[in-house]
Structures are given as structure tokens and as C-alpha cells.
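K.L.:
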């Protein structure tokens, strides 16, 4: 059996001003056809104005087993949020 | 839809597989019970992973094989509008198969492996596609009944516990919203047309009705892995609940266009607020599951031929990229 | 589809133009229709799922173009025939498509060879038709030109990969081009019917499109490491209804339902 075409992740900007968002994946032998496959698969209903394709194997993902050390330390730092600070109502524009 | 449990009960099926950390299993079960989504890299019980791969790939295979009965009428669609609509619909089914294969791939099984399983007869797909499309009315009946049944099953799957599957289903459901309507529109045109057309429509309903309500799978008391799948939120309604719902919404649609549902026992039951309907021939269902459907051989041959005849194309494209990559590296 | 609504009705074209214009619109519409019909044959049978979607997209574009051109043809003819009537109730001799588009799909290489040749030509044609003195044609061309450009680029991508892929794919690509090359000349022919339309600025002078076509095809084939096909003689006849044997079979399938039930509405 021949080698399977690699997998690519597809990101779509749905309209100007918005970020690209993950839409799904396609198989393709190379970057140019990955772009065509992404276009022909994921933008058939006017879903986008811009496309990114990224080889899936190039994505570096965080490890869910490390969720604790990765994301929980941020929970204790409520002073990063504006509601942490009490300012009298009479003071405006702050 | 195409996701009902088609296999016979699997003796060593669900629950804990030896050696799994009970604490991990308990934490997993708690997350699912709290309606959290499970994502690809999260820890999951092996049985959950295997059940999902089986269910999602079966769903994907059904979409791909499902292109064939309708594809059979693409070259013969009777107007330019019908031709474009049908091509868009069959293309959607290819797209849905694609989304679903990708979702299953996140569980560590490659698309090629899944396709091999289909071609070798190891993997199942929905029984419904093993029936032939004889007339144009069958295209109407498939859109109306088969897609109608599919939507009923797929809508709850948008909340299924496995994230990639749920997201694929959101896209699928959004795109499929026109499929059933185009089918019913074809049936309306035929039922309101010439006597020949009306006869065609009735004949299609006669042939597709029972296979359609079989699509929901075996009755709940004989559905092997249902309980476990419900608990894991891989499945969210029982087969019989969905079947009842389908009959209840579809019968009035048939009446509205003057077609007769081919079930002499069909009667409205005011007490339960739904229709009572006749006994389903489960022997027929299991025969088709075993691969004895009227055109099962044709469907499998078409898929295998397309795959085999495309091998040189896939290989050539890979070879081209390998040469380019080597050139870039040099 | 949305055919009529998007075409502005236009009364300024003098009546003596109508027969020639009708025929010209059939040439445009039939090209798209017949090639679109051919591409539907691939649906469900392509080499990969993604490729299946690409081919269906091209088919949908072509059927859309055919609908617009044939609806307009019916309007110009003024005898009450609409797009469906023209698509499903004419016989071989009344079809005006070029011979290239009716050729059988063959393998994927043969299909891509046909697509590259046709879409490259068609792109140049529609670019010119965007400036047509007949505004309804210009309007359709403005929409179609972007579609066929994508088709031409996609086909070029595939011809390059197959030409420079494996030995097997290269041989198939050479055969595919060889099959279709004899029908290229017909694409660039301007006959007595079309000449006055060209002079009136309604039609494009196809002879003027050949040089750009040759340059583009040569560039693609060079990148594909494929030899440029040579053929002593172009085969023609499609524009006057003298087709290959293939078209009759295609029509027999495509038209079977409306012909079998002439009183039916679908």
C-alpha cells in the first residue's frame, strides 16, 4: 500500500477583522493541493475570505496531563483583572 | 445516522479494560457525566476509544457509500436545477464523510486503515444504502426519508461527549438542513404530477419506508451497546425513541402530499400521543447487516474500484512532492 | 436556479442579430453543460475524497454557467424555450458544444488533460467576454471568469503532478493529452456565423486567444516535464452539430427522463 497523504489543519477567516479559526482537516500530498482541498472542502458555502493550512504534524500542543502546572497557576492571580480594584463610584472615567 | 449499533452483542465489550487506573476511569466518567467534552489528547478508557472509532468510522463509511445510490441519478436528473441540487447534495455527503474520517483520525486510526476495514468487509455501514435507486422518485424518497431519519439521529450528536465528533456533527447538521427539504420537494412535484409520476412516488415510498425506519437500529431491548454508549454520551437517545419520533413527524408529511405509508397497522394512538405501527422485519435488517442487501456487492465493488483505480494518482502526487522535498533539501 | 433574475432584460439589440446570438449562446452554454455532465460521472468515484469534492465544485460551476447561458439563449430566441427545454429536448445535430468537452472521462489523467485545455481556453474567452457589447453576456462572463480561472489552475496543478510524478502517471498524462489535442484547433475557430458578432463587439475573436493559450499550456507542460503534443490535423464539427459518437450516448442518458415523460414537470 502506498503512503497516505499527510493531514493538514485548516483555519478560516470568516470575514475581515476576525482571526482565523480552526475549521477541520484535509489530506493532501503537498501545500498547494492542501490549500485547494481546504478551499474545495471548507468554503463551499461562503464560509471564508482567507485560509491557512498547516501540516498537522507541525503543530505543537500542550499535554493535557500537564493541565495543572500549565493553567492552574493563572487562577490565583486575580489582581490581573480590573474588578480586583475597588474605586468609589464618584470617580469617573477609570 | 448511520451510527446505530449494527453489530451483534460483543461479549467482552464495554466497561473497564484490565489494567486501567480506576482513579483515571472514575475521573473520566465524572467529566462525561458533567457533560464536559473529551478532547483527543485527554486520557480515555480504551473501550471508549474503540467504541468511538467504530461508531465514527461507521458513520463516515455510510456517508461515502451513501454517495452511490444518489450518484446513480446524477447523470439523469431531469432538470438543470435538480442536477445542480443533487450534485451539491452528494458532494456534501462526501464532505461529511471527510469531516468524520478526520474526527476518527484524532483517535489514532488513519483514514487508510478505516478504508481498508470498509473494503475488506470488516467495517459496517448503514444498511439503507444497500437498496437500489430504480427511479427518480427514489432520489426524492432518500432525501425525504433517509435524510429525515439521519437528521433525527445527528442533531443530538452535536452534544456528544467527544469534542471532534461533536464539532464535525455541528458542521454536518448545518449543511444537511437542505437535504431533506430538497427530497420532499421532489416528492411533492411527483405526487402532484402526472399519474405516472404519482405512481413512481408511491412506489418509492413503498420500497423505502421500512428500510428507513430500520435505520434507527434494533429495538432497545436488543441493542447491544446502547446503555454504555448512552452513559458515555456517545449516543443520546435510544433507537426506539428516535424511531417513534420519526414515524410521528413523517406520516403527516406523506398524507399532505397524498401518499400512503405502506403499513396497514399504522394507527394514531391518542393515549401515547404518537402512532402505533406494524412489526418490523428484523430478519431483513440483520441479513442486510450481514452484507446480504440487494446491491451490497455493487456498492462495495464501486468503492473498491474507485480506490484501486485512484491508487496511481495518489502515488504520483506523493512521488512528486517527495522529489520536490529532496530538491529543497539538496 | 437564479437564472432569469440575475440577467437584466435588454431590448436594444436589433432583431437581425437574434439568430446568430442564439447560436452563439448555445455554443457557450452547451460547452459548460456537456463538460458539467461529464464531471458528474466522477462523483463518488474519484481517487481521493478531497478530489471528489474538487471535481464536484467544478461541475457545479459549469452547470450554473450552462443554466445562465441557456436561459438567455431561450430568451433571445423568443420561442418560449427555457434552459431546461434547450438542455433536454434537442438532439445531437442541434448541440453546439465543441468536441473536446464531450470526450469520455477516461482515467483521471485524461479528465485533467481535458480540463486543463478547456479551462485555459475558457478563461481567456470569458476575460474577453467581460467586455462584450451584449451586457447580459458580459454579466455572466464576469461571474464565470473567476470560476474557470480556478478550474484552469487546479487542472494545471494536477497535470504537473501527474506529468512529473511516477513513470506510470507520466505515461497516462501523455496519453490523456494525446487523446484531446486533436480537438484544440476547433476551440479557436471563428466561422461565418460568429464573424459578424465579433465585428459588433458581442463575441470574442477566438483566433486572438490562441497565442496566450499556447504560451500557458507550454509553461504547464514544461513544468510537468511533458512533451508538447503534436497533431497533424484538427478535428472539428461540434459548432455546427457534427459531433463525435460520444455525444449521442451522453444525451441518451442525460435526456432520458424528460424525453420519456414529455408532459411531466419535475
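Protein chains in written order, with the numbering used here: chain A, 9 to 102; chain B, 667 to 996; chain C, 3 to 268. Beta carbons are placed, not taken as given, at the ideal position from N, Cα and C, and that holds for glycine.
Starting from residue 802 (chain B), find everything on chain C with Cβ-Cβ shorter than 8 Å and list it in chain order.
P.N.:
Ordered by position in chain C, the residues that pass the 8 Å Cβ test against residue 802 (chain B) are 259 and 268.
K.L.:
At what residues does the beta strand (DSSP E) containing residue 797 (chain B) begin and finish?
P.N.:
Premise fails: residue 797 (chain B) is in no beta strand (DSSP E) and is neither H nor E.
K.L.:
Under the DSSP definition of a beta bridge, which residues are partnered with residue 889 (chain B)?
P.N.:
The partner list for residue 889 (chain B) (beta bridge, DSSP) is empty, contrary to what the question assumes.
K.L.:
Is it buried or exposed for residue 244 (chain C), if we count other Cβ within 10 angstroms and need 16 for buried?
P.N.:
Exposed, because fewer than 16 other Cβ atoms sit within 10 Å of the Cβ of residue 244 (chain C).
K.L.:
Between which residues of its own chain and residue 734 (chain B) is the CB-CB distance below 6 Å, once the five residues before and five after are set aside?
P.N.:
Only 965 and 968 meet the Cβ criterion.
K.L.:
Mind checking the segment 69–83 of chain A against chain B and listing, in chain order, the residues whose C-beta falls within less than 8 Å of any C-beta there?
P.N.:
Taking 8 Å as the Cβ-Cβ cut-off against chain B, the residues of the segment 69–83 of chain A that qualify are 69, 71, 72 and 73.
K.L.:
Under a CB-based cut-off of 8 Å, is residue 723 (chain B) close to chain A?
P.N.:
So, not an interface residue.
K.L.:
What would DSSP say about residue 97 (chain C), mapped onto helix, strand or coil?
P.N.:
In the structure shown, residue 97 (chain C) sits in coil (DSSP, three-state: anything other than H, G, I, E or B).
K.L.:
So with Cβ pairs under 8 Å, would you call residue 877 (chain B) a contact of chain C?
P.N.:
Answer no: the Cβ-Cβ gap between residue 877 (chain B) and chain C never drops below 8 Å.
K.L.:
If you run the structure through DSSP and keep just helix, strand and coil, what is residue 16 (chain A)?
P.N.:
Of the three classes helix, strand and coil, the one that applies to residue 16 (chain A) here is strand, per DSSP.
K.L.:
Indicate the three-state DSSP secondary structure (helix, strand or coil) for residue 32 (chain A) in the structure shown.
P.N.:
Three-state result, residue 32 (chain A): strand.
K.L.:
Below 8 Å between beta carbons: does that hold for residue 810 (chain B) and residue 780 (chain B)?
P.N.:
Contact: no.
K.L.:
Looking only at its chain, what residues have a beta carbon closer than 7 Å to the beta carbon of residue 158 (chain C), apart from the 5 residues adjacent to it on each side?
P.N.:
Taken in chain order, the residues that qualify are 118 and 222.
K.L.:
Using a Cβ cut-off of 8 Å (strictly closer), state whether residue 38 (chain A) contacts chain B.
P.N.:
Yes, residue 38 (chain A) counts as interfacial toward chain B.
K.L.:
Do you know offhand how far residue 881 (chain B)'s Cα is from residue 970 (chain B)'s?
P.N.:
Straight-line Cα distance between these residues: approximately 24 Å.
K.L.:
Residues of chain A with CB under 8 Å from residue 761 (chain B), in chain order?
P.N.:
Going along chain A in sequence order, the residues near residue 761 (chain B) (Cβ under 8 Å) are 49 and 52.
K.L.:
What does DSSP give as the partner residues of residue 59 (chain A) in its beta bridges?
P.N.:
Bridge partners of residue 59 (chain A): A:20.
K.L.:
Using a beta-carbon distance cut-off of less than 8 Å, what residues from the segment 212–244 of chain C approach chain B?
P.N.:
The residues in question: there are none.
K.L.:
List, in order along the chain, the chain C residues whose C-beta lies closer than 7 Å to that of residue 41 (chain A)?
P.N.:
In chain order: 159.
K.L.:
Please name the residue, chosen from C:263, C:242, C:260 and C:82, that lies closest to residue 99 (chain C) on a Cα-to-Cα basis.
P.N.:
When each option's Cα is compared against that of residue 99 (chain C), the closest is C:242.
K.L.:
Going straight from the alpha carbon of residue 865 (chain B) to that of residue 883 (chain B), what length do you get?
P.N.:
If I take the Cα positions, the gap works out to 29 Å.
K.L.:
In the DSSP assignment, find the unbroken beta strand (DSSP E) run with residue 19 (chain C) in it and report its ends.
P.N.:
From DSSP, residue 19 (chain C) is part of no beta strand (DSSP E); its letter is neither H nor E.
K.L.:
Near residue 837 (chain B), which residues of its chain fall below 7 Å by C-beta distance, leaving aside the five closest residues on each side in sequence?
P.N.:
Counting only Cβ-Cβ distances below 7 Å, and skipping sequence neighbours, we find 765.
K.L.:
Determine, for residue 88 (chain A), whether the minimum Cβ-Cβ distance to residues of chain C falls below 8 Å.
P.N.:
Not an interface residue.
K.L.:
Are residue 858 (chain B) and residue 808 (chain B) close, meaning C-beta to C-beta below 8 Å?
P.N.:
No, these two residues do not count as a Cβ contact at 8 Å.
K.L.:
Output the residue ranges of the alpha helix (DSSP H) runs that lie fully inside the segment 806–881 of chain B and measure 4 residues or longer, sorted by chain position.
P.N.:
Entirely contained in the segment 806–881 of chain B, the alpha helix (DSSP H) runs reaching 4 residues are, in chain order, 813–823, 829–857 and 861–880.
K.L.:
Can you give me the start and stop residues for the alpha helix (DSSP H) that residue 959 (chain B) sits inside?
P.N.:
No alpha helix (DSSP H) contains residue 959 (chain B), which DSSP labels as neither H nor E.
K.L.:
Can you name the residues of chain A whose CB is closer than 8 Å to the CB of residue 777 (chain B)?
P.N.:
Within chain A, the residues near residue 777 (chain B) are 12 and 35.
K.L.:
Does residue 895 (chain B) have its Cβ less than 8 Å from a Cβ in chain A?
P.N.:
Judged by the 8 Å Cβ criterion, residue 895 (chain B) is not in contact with chain A.
K.L.:
Quick one: any contact between the segment 826–842 of chain B and the segment 900–909 of chain B, if contact means 3 or more CB pairs under 8 Å?
P.N.:
Yes, the segment 826–842 of chain B touches the segment 900–909 of chain B.
K.L.:
Tell whether a beta-carbon distance below 8 Å holds between residue 790 (chain B) and residue 724 (chain B).
P.N.:
Result yes, Cβ atoms of residue 790 (chain B) and residue 724 (chain B) sit closer than 8 Å.
K.L.:
Pop quiz: residue 885 (chain B) and residue 802 (chain B) are said to be a contact at Cβ under 8 Å. What is the actual Cβ separation, rounded to whole angstroms?
P.N.:
So it is not a contact: roughly 33 Å between Cβ atoms.
K.L.:
In chain order, what are the residue ranges of uninterrupted alpha helix (DSSP H) at least 4 long that sit wholly in the segment 895–924 of chain B?
P.N.:
For the segment 895–924 of chain B, whole alpha helix (DSSP H) runs of length 4 or above, ordered along the chain, are 905–922.
K.L.:
Does any C-beta atom of chain A lie closer than 8 Å to the C-beta of residue 707 (chain B)?
P.N.:
At least one chain A Cβ lies under 8 Å of residue 707 (chain B).
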